[in-house]
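Student:
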Amino acid sequence: MDRKILPPQHQVFINFRGDELRKNFISHLVEALQRNEINVFTDKKEQKGENISNLFKRIEESKIAVAVFSKRYTESKWCLDELVKMKECADLGNLKMTY
Numbered sequence: 001m002d003r004k005i006l007p008p009q010h011q012v013f014i015n016f017r018g019d020e021l022r023k024n025f026i027s028h029l030v031e032a033l034q035r036n037e038i039n040v041f042t043d044k045k046e047q048k049g050e051n052i053s054n055l056f057k058r059i060e061e062s063k064i065a066v067a068v069f070s071k072r073y074t075e076s077k078w079c080l081d082e083l084v085k086m087k088e089c090a091d092l093g094n095l096k097m098t099y
């Protein structure tokens, strides 16, 4: 099966909190986007407690950011910091955001 080579940058950054979302809704969302040849970035490979600057860089490289809110979303400083960065990039016209 011939597959198009996707551009190296992440086109969609997904911001969410919790394994319950990661293993259900988010995994289905990522699968659907990738099936349609859309690059996706989630923090799957990021170490908890590591420097968040790598995630900020991924947000800046993205064309679209999706924030998936859940009950415990606001308990995560990382999620809130990412959301602020997403809003800053959107305000500059560099990113489209969906909630």
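Take 1 as the starting number for the sequence shown in UniProt numbering and just add one per residue.
Positions of the beta carbon are idealized from the N, C-alpha and C atoms, including for glycine.
Secondary structure at F13, three-state DSSP: helix, strand or coil?
Tutor: Strand.
Student: Can you list, in chain order, the residues of its chain whose CB lies under 7 Å from that of S76, leaving out five sequence neighbours each side?
Tutor: Result list for S76: R17, in chain order.
Student: With burial defined as no fewer than 16 other Cβ atoms inside 10 Å of the residue's Cβ, what is the status of V84: buried or exposed?
Tutor: Exposed, by the Cβ-count rule.
Student: Around the C-beta of M1, are 16 or more other C-beta atoms found within 10 angstroms, so that it is buried, or is it exposed?
Tutor: Below a pLDDT of 50, predicted positions are generally treated as unreliable, and M1, at 47, falls in that range; the measurement from the model is reported next regardless. Burial call: exposed.
Student: How should H28 be labelled, buried or exposed, when 16 other C-beta atoms within 10 angstroms of its C-beta is the threshold for buried?
Tutor: Classification for H28: exposed.
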